[in-house]
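S.K.: There's a structure below that I have some questions on.
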């Protein structure tokens with residue numbers, strides 16, 4: 003199913019804050035509510051606290067990665083890192099929407 007969430011990697015289960023944020027995301031997801039804020043919080047946490055775990059640039063036709071790669075500010079706000087981090091806990095069809 004295109005909207006099935008992937009199993010998060012082990013490093014996320016070893017981090018209490020990741021677990022808390024994953025559970026919060028799951029709660030909102032299961033209520034069929036808008037869970038954008040929860041996605042953003044978890045992606046931001048991963049980019050800030052686990053930067054070495056952020057996946058590399060998408061090389062499989064992602065429309066956003068080339069746009070982020072052309073920026074010359076070095077991803078100062080970590081928006082690109084957050085975009086890539088969402089692949090760790092969101093289905094690709096949803097993770098790559100921003």
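Residue numbers (my numbering): 3 to 100. Even glycine gets a Cβ: it sits at the ideal position worked out from N, Cα and C.
(1) Count the other CB atoms within 10 Å of the CB of residue 51; is the residue buried (16 or more) or exposed (fewer)?
(2) Could you tell me which uninterrupted beta strand (DSSP E) segments, each at least 3 residues in length, are contained entirely in the segment 10–54, listed from first to last along the chain?
(3) Give every residue of the same chain whose Cβ lies closer than 8 Å to the Cβ of residue 11, excluding the five residues on either side of it in the sequence, and list them in chain order.
(4) Where do the ends of the alpha helix (DSSP H) carrying residue 83 lie?
(5) Hey, residue 27 and residue 47: beta-carbon distance below 7 Å or not?
M.R.: Straight from the coordinates:
(1) Against the chain shown, residue 51 aligns to sequence position 49. Classification of residue 51: exposed, given that the 10 Å Cβ count is below 16.
(2) none
(3) Here residue 11 refers to the residue found at position 9 of the chain shown. Correct list, in chain order: 55, 90.
(4) One-based indexing of the chain shown puts residue 83 at position 81. Taken as a continuous stretch (DSSP letters only), the alpha helix (DSSP H) holding residue 83 covers 81–87.
(5) The residue you call residue 27 lines up with position 25 of the chain shown. The residue you call residue 47 lines up with position 45 of the chain shown. Contact flag unset, no.
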